[in-house]
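Trainee: Protein chains in written order, with my numbering: chain B, 7 to 121; chain S, 40 to 151. Here it is, the structure, as structure tokens.
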Amino acid sequence: AQSVAQPEDQVNVAEGNPLTVKCTYSVSGNPYLFWYVQYPNRGLQFLLKYITGDNLVKGSYGFEAEFNKSQTSFHLKKPSALVSDSALYFCAAYMTTDSWGKLQFGAGTQVVVTP
Amino acid sequence: DGGITQSPKYLFRKEGQNVTLSCEQNLNHDAMYWYRQDPGQGLRLIYYSQIVNDFQKGDIAEGYSVSREKKESFPLTVTSAQKNPTAFYLCASSPTTGNGYTFGSGTRLTVV
Numbered sequence: 007a008q009s010v011a012q013p014e015d016q017v018n019v020a021e022g023n024p025l026t027v028k029c030t031y032s033v034s035g036n037p038y039l040f041w042y043v044q045y046p047n048r049g050l051q052f053l054l055k056y057i058t059g060d061n062l063v064k065g066s067y068g069f070e071a072e073f074n075k076s077q078t079s080f081h082l083k084k085p086s087a088l089v090s091d092s093a094l095y096f097c098a099a100y101m102t103t104d105s106w107g108k109l110q111f112g113a114g115t116q117v118v119v120t121p
Numbered sequence: 040d041g042g043i044t045q046s047p048k049y050l051f052r053k054e055g056q057n058v059t060l061s062c063e064q065n066l067n068h069d070a071m072y073w074y075r076q077d078p079g080q081g082l083r084l085i086y087y088s089q090i091v092n093d094f095q096k097g098d099i100a101e102g103y104s105v106s107r108e109k110k111e112s113f114p115l116t117v118t119s120a121q122k123n124p125t126a127f128y129l130c131a132s133s134p135t136t137g138n139g140y141t142f143g144s145g146t147r148l149t150v151v
């Protein structure tokens with residue numbers, strides 16, 4: 007079945023340390039991949055996307071993500087985490103065989119950055 | 040500024056009452072979506088609509104209803120048939136496949 011997986015419910019990191027949030031996908035064709043962030047009691051905000059081209063995608067707030075086709079992964083990274091990066095992060099993918107174009111979301115990963 | 044607006048931000052209702060959540064977008068997006076989010080949980084799709092006057096059930100449509108009479112508007116009614124309506128409701132819109140979603144700021148519904 008086509009799916010998006012975020013294997014970690016929560017990631018804890020100290021401020022200033024590198025942050026990685028993992029995402030793997032399973033699709034039948036070429037995926038369109040996204041990362042969103044959600045702060046408490048707010049909607050999701052777009053961070054970045056991969057559709058084609060360079061495997062390293064740069065996005066908002068200093069985040070980047072690396073598309074790895076062989077490992078079917080799209081991990082989100084930030085070289086130096088801030089306390090303000092504490093939020094819920096969602097990976098998402100279009101299953102391009104889906105004619106309705108619905109995004110498939112992962113379950114989300116809570117990021118906690120401690121001072 | 041273009042965007043997607045959900046109202047109200049907070050909503051309280053008594054058990055057994057129907058309630059309608061508003062979602063309006065001025066992005067000229069064709070598709071609109073409703074999601075439910077429970078505390079600490081992910082997103083669950085309730086209904087979606089790709090064009091005016093057409094909509095499809097998502098994964099948890101029971102106890103909910105929608106309409107899409109205008110491209111800009113996609114209201115969600117939470118009916119008395121929904122057993123656990125207390126949740127955070129998110130509306131989203133998108134132009135075409137591959138462009139991702141724009142989300143509203145959400146409505147927190149509490150049923151007492």
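Each residue gets a CB set at the ideal place from its N, CA and C atoms; glycine is no exception.
1) For I90 (chain S), write down the residues that DSSP places opposite it in a beta bridge.
2) Of all the residues that make up the region 102-134 of chain S, which are near chain B by a beta-carbon distance shorter than 9 Å?
3) Would A71 (chain B) pass as an interface residue toward chain S - the criterion being a Cβ-Cβ separation below 8 Å?
4) How many Å lie between Q80 (chain S) and Q44 (chain B) at the Cα?
5) If distances are taken between C-alpha atoms only, which option among S:A120, S:P114, S:N138, S:T118 comes closest to L129 (chain S)?
6) Does the beta carbon of G42 (chain S) sit closer than 8 Å to a beta carbon anywhere in chain B?
7) Any idea if I90 (chain S) is buried or exposed, counting beta-carbon neighbours within 10 angstroms, 16 or more meaning buried?
8) One question on the structure: do Q12 (chain B) and A113 (chain B) come within less than 8 Å of each other, judged by their Cβ atoms?
9) In chain order, which continuous runs of the beta strand (DSSP E) of length 3 or greater are located wholly inside the region 68-120 of chain B?
10) So if I threshold CB-CB distances at 9 Å, which residues from the region 135-149 of chain S count as touching chain B?
11) Is it buried or exposed for K55 (chain B), if we count other Cβ within 10 angstroms and need 16 for buried?
12) Do C29 (chain B) and V10 (chain B) count as a contact pair if the criterion is CB distance below 8 Å?
13) Of all the residues that make up the region 64-92 of chain S, which are near chain B by a beta-carbon distance shorter than 8 Å?
14) If you check the beta carbons only, do L66 (chain S) and I43 (chain S) fall under 8 Å apart?
15) So, at 8 Å on beta carbons, what are the nonlocal neighbours of G139 (chain S) in its own chain, with the 5 sequence-adjacent residues on each side left out?
16) Give the range of the beta strand (DSSP E) segment to which S133 (chain S) is assigned.
17) Report yes or no: do three or more beta-carbon pairs, one from the region 29-41 of chain B and one from the region 73-86 of chain B, lie closer than 8 Å?
Mentor: Once the coordinates are examined:
1) Your numbering for residue 90 (chain S) matches position 51 in the second sequence. For I90 (chain S), the beta-bridge partners assigned by DSSP are S:D93.
2) For the region 102-134 of chain S, which is checked against every Cβ of chain B, the residues closer than 9 Å are F127, L129, C130, A131, S133.
3) Looking up residue 71 (chain B) in the first sequence gives position 65. Cβ-Cβ to chain S under 8 Å: no for A71 (chain B).
4) Along the second sequence, read from residue 1 onward, the residue named residue 80 (chain S) stands at position 41. Along the first sequence, read from residue 1 onward, the residue named residue 44 (chain B) stands at position 38. Here the C-alpha atom of Q80 (chain S) lies approximately 12 Å from the C-alpha atom of Q44 (chain B).
5) Here residue 129 (chain S) corresponds to residue number 90 of the second sequence, with the count starting at 1. That would be S:P114, whose Cα lies nearest to the Cα of L129 (chain S).
6) Sequence index remark: in the second sequence, residue 42 (chain S) carries index 3 (1-based). Answer no: the Cβ-Cβ gap between G42 (chain S) and chain B never drops below 8 Å.
7) As a working note, residue 90 (chain S) is residue 51 in the second sequence. In summary, I90 (chain S) is exposed, with fewer than 16 beta-carbon neighbours lying within 10 Å of its beta-carbon over all protein chains present.
8) On the first sequence, residue 12 (chain B) is found 6 positions in, with the first residue counted as 1. On the first sequence, residue 113 (chain B) is found 107 positions in, with the first residue counted as 1. For Q12 (chain B) and A113 (chain B), yes; Cβs fall inside 8 Å.
9) Entirely contained in the region 68-120 of chain B, the beta strand (DSSP E) runs reaching 3 residues are, in chain order, 70-74, 79-84, 93-100, 109-111, 115-120.
10) Listed in chain order, the positions of the region 135-149 of chain S with a beta carbon within less than 9 Å of a beta carbon of chain B are T135, T136, G137, N138, G139, Y140, T141, F142, G143, S144, G145, R147.
11) Position 49 of the first sequence, counting from 1, holds the residue named residue 55 (chain B). Around the beta carbon of K55 (chain B), 16 or more other beta carbons lie within 10 angstroms, which makes this residue buried.
12) Numbered from 1 along the first sequence, position 4 holds the residue referred to as residue 10 (chain B). Numbered from 1 along the first sequence, position 23 holds the residue referred to as residue 29 (chain B). In this structure, C29 (chain B) lies closer than 8 Å to V10 (chain B) by Cβ.
13) Cβ contacts with chain B: A70, Y72, G79, Q80, G81, L82, L84, Y87, Q89.
14) Position 27 of the second sequence, counted from the start, is the residue given in the question as residue 66 (chain S). Position 4 of the second sequence, counted from the start, is the residue given in the question as residue 43 (chain S). Less than 8 Å divides the Cβ of L66 (chain S) from the Cβ of I43 (chain S).
15) For this step, residue 139 (chain S) is matched to residue 100 along the second sequence. Taken in chain order, the residues that qualify are S133.
16) Indexing the second sequence from 1 puts residue 133 (chain S) at position 94. Here the beta strand (DSSP E) through S133 (chain S) covers 126-133.
17) Enough Cβ pairs lie closer than 8 Å, so yes.
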